[in-house]
Amino acid sequence: MTSGSEIFTLISTSIMFLIFTLITIIIYNFLLVLIEWNRVDISISQIQEDARKLAEKYGYLPYMVQRYIQFLGLDDTLKLLKANEQPLTPSIRVNTLKISVLELKNRLEKKGFELEQIDWVPNGFKVIKEASNLGSSHEFLQGYYYLQNIASMLSAVILDPKPNDIVIDMCAAPGSKSTHLAQLMGNNGTLVLIDKNKNRIPALETNLRRMGIINSILLNIDAINLPNLKVKANKILLDAPCTGEGLIRQDPSRKVSKKMKDIEKMASIQKKLLKAGLNSLKSKGVLLYCTCSIAPEENELVVNEVVEKIDNFSISEISKNYGVNGLTEVFGIKLLEDLKFSQRLYPHIHDTIGFYFCLIKNLD
400 MTSGSEIFTL ISTSIMFLIF TLITIIIYNF LLVLIEWNRV DISISQIQED ARKLAEKYGY
460 LPYMVQRYIQ FLGLDDTLKL LKANEQPLTP SIRVNTLKIS VLELKNRLEK KGFELEQIDW
520 VPNGFKVIKE ASNLGSSHEF LQGYYYLQNI ASMLSAVILD PKPNDIVIDM CAAPGSKSTH
580 LAQLMGNNGT LVLIDKNKNR IPALETNLRR MGIINSILLN IDAINLPNLK VKANKILLDA
640 PCTGEGLIRQ DPSRKVSKKM KDIEKMASIQ KKLLKAGLNS LKSKGVLLYC TCSIAPEENE
700 LVVNEVVEKI DNFSISEISK NYGVNGLTEV FGIKLLEDLK FSQRLYPHIH DTIGFYFCLI
760 KNLD
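Residue 546 in the numbering used here sits at position 147 of the sequence shown, with consecutive numbering throughout.
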């Protein structure tokens, strides 16, 4: 028969073994955490060093390149920086309200222009060879075409407005996308064009006249106040003001002109505009949010915060794959899975400016 002292010894031994095991597990896990922290420190340090070297070589602010490496990876970042050094091929959109695609093509080719059809946009051409200044030709002055980047043309194509729709362009000037919307609407329906900067209104008015647009209403107001108009639209385009981080290829000064505080300031404005736009959609209406920026802070992170907080809106799939999928995780932040339906254009992949598109639908 086991004595009381033996039982006590057995229990004490078991408890000591359990305590030792727990301490061992705690120490082991602590060491794993330290190792992981060390790896993170090494990773961050390496990214910072790579960013510093590339920023110095290509003339960027280091914080920009560091962010690129974080969401693109080192290889794609290097390809992006190299692509941004290459000039953009000019492109034009034929204004089919005034002339057929074939007739304008024949006219320009007879003058010595060399054109290449853009797959994404049936009435768009890359201008491979210029015979004269594209912005001063007889055809340009007559409103037969608009000088427009390929990525910009996709905005109206993706939104796909129909004749007799009520369509709102929340940040309309100088009019490249507005005139394209009117063109796709066949100059029918109602196109509400908003821009808060009165100094940009004359350029918008000029382009509307030149392109023969007759279905538009022009408002010089801040689009953040759009819900006050009590207008509900079938389609809304929000080409949001942004830092233009995707425009470096055509404006190298943007390599150093914007700080992180500028991105944060723009993101705050973008969220307010997006909320205003979504609140002005009809039932089953759609809004296209887009920017000429590749900054996640101005794109996925903006959409994620707004859509997550508003009921009855969802991110819709864009009908064709023009770009790569939007980010669903960035800078260690997990985002809405449906952001994979948004699309990104990159200079090094798509030979365009950097651009972002996200289609959002009112489910009511």
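Beta carbons: idealized from backbone N, C-alpha and C, even for Gly. Owing to the predicted nature of the structure, the values given are computational and were not obtained by experimental measurement.
**Study point:** Alpha-carbon to alpha-carbon, K683 and I668
**Key:** 25 Å
Check your understanding: Considering only C-alpha positions, which residue in the set T642, Y544, N563 and N596 is nearest to K576?
Key -> Y544
Practice item. State the DSSP-derived secondary structure class of G767, mapped to helix, strand or coil. Key: Since the first residue of the chain shown is 400 and the last is 763, residue 767 is not available in this structure.
Point to revise | Nearest to L583 (by Cα), restricted to the options C570, I600 and S615 | key: S615
Review point. With C-beta atoms as the reference, is D638 less than 8 Å away from S554?
Key: yes
Check your understanding: Buried or exposed: where does K481 fall if 16 or more other Cβ atoms within 10 Å of its Cβ makes it buried?
Key -> exposed
Check your understanding: Around the Cβ of K731, are there at least 16 other Cβ atoms within 10 angstroms (buried) or fewer (exposed)?
Key -> The amino acid occupying residue 731 in the given sequence is Gly; Lys does not appear at that position. Flag for G731 reads exposed.
**Study point:** Neighbour-count burial assignment, R608, 16 or more Cβ in a 10 Å radius
**Key:** exposed
Check your understanding: Per DSSP, what kind of secondary structure is Q669 in: helix, strand or coil?
Key -> helix
Exercise for review: From the DSSP output, in three-state form, read off S741 for me.
Suggested key: coil
Practice item. List the residues that DSSP assigns as beta-bridge partners of L686. Key: I635 and I759
Review point. Hey, out of E728, E502, S692 and L734, whose CA is closest to P746's CA?
Key: S692
Exercise for review: Quick one: residues in its chain with C-beta nearer than 8 Å to the C-beta of A602, no 5 flanking neighbours on either side, listed in chain order?
Suggested key: A572, P573 and G574
Review point. Which partner residues does F712 have in the DSSP bridge list?
Key: N761
Review point. Since S577 is in the alpha helix (DSSP H), which residue starts that stretch and which ends it?
Key: S575 to L583
Review point. Given K671, which residues of its chain have a CB within under 6 Å of its CB, disregarding the five upstream and five downstream residues?
Key: I623
Point to revise | Where the beta strand (DSSP E) containing S615 begins and where it ends | key: S615 to L618
Practice item. With distances taken Cα to Cα, identify the nearest neighbour of A675 among K629, F740 and D750. Key: K629
Review point. For F512, which residues does DSSP report across the bridge?
Key: According to DSSP, which records beta bridges pairwise, F512 is partnered with nothing at all.
Point to revise | Best match in L514, F512 and L673 for proximity to N376 [C-alpha to C-alpha] | key: Any property of residue 376 remains undetermined from this structure, which presents the chain solely from 400 to 763.
Check your understanding: What residues match up with V566 in a beta bridge as DSSP calls it?
Key -> L590 and K634
Check your understanding: Can you tell me whether T605 is buried or exposed, with buried defined as 16 or more other CB within 10 angstroms of its CB?
Key -> exposed
Practice item. Could you please give me the residues that DSSP links to S490 through a beta bridge? Key: K525
Practice item. Answer with buried or exposed for N598, where buried requires no fewer than 16 other C-beta atoms within 10 angstroms of its C-beta. Key: exposed
Check your understanding: Comparing alpha-carbon positions, which option in L479, T589, A632 and L636 lies nearest I613?
Key -> T589
Practice item. Return the CA-CA distance between V439 and E728, expressed in angstroms with no decimal places. Key: The predicted position of V439 is uncertain, since its pLDDT is 39 and thus under 50; no value can be drawn from it.
Point to revise | Burial state of F756, where buried means 16 or more other Cβ atoms lie within 10 Å | key: buried
Review point. What is the DSSP secondary structure of E435, reduced to helix, strand or coil?
Key: Its pLDDT being 45, under 50, E435 is placed unreliably in this model, and the value from its coordinates should be taken loosely. DSSP places E435 in helix when its eight states are reduced to three.
Practice item. Taking the CB atoms as reference points, tell me whether K528 and F512 lie closer together than 8 Å. Key: yes
Point to revise | Whole-number beta carbon distance between I567 and I593, since they are thought to touch under 8 Å | key: 7 Å
Review point. Do you know how far the Cα of I446 is from the Cα of M659?
Key: 18 Å
Exercise for review: Following the continuous alpha helix (DSSP H) through Y467, name the residue where it begins and the one where it ends.
Suggested key: P461 to L471
Review point. Taking the alpha-carbon positions, what's the K525 to S713 distance?
Key: 35 Å
**Study point:** Whole-angstrom distance between G458 and K452, CA atom to CA atom
**Key:** 10 Å
Review point. If we ignore side chains and look at the alpha-carbon of each, how far apart do D621 and N587 end up?
Key: 25 Å
Practice item. Grab me the residues of V701's own chain with a C-beta within less than 6 Å of its C-beta, minus the 5 sequence neighbours each way, in chain order. Key: A666, Q669 and K670
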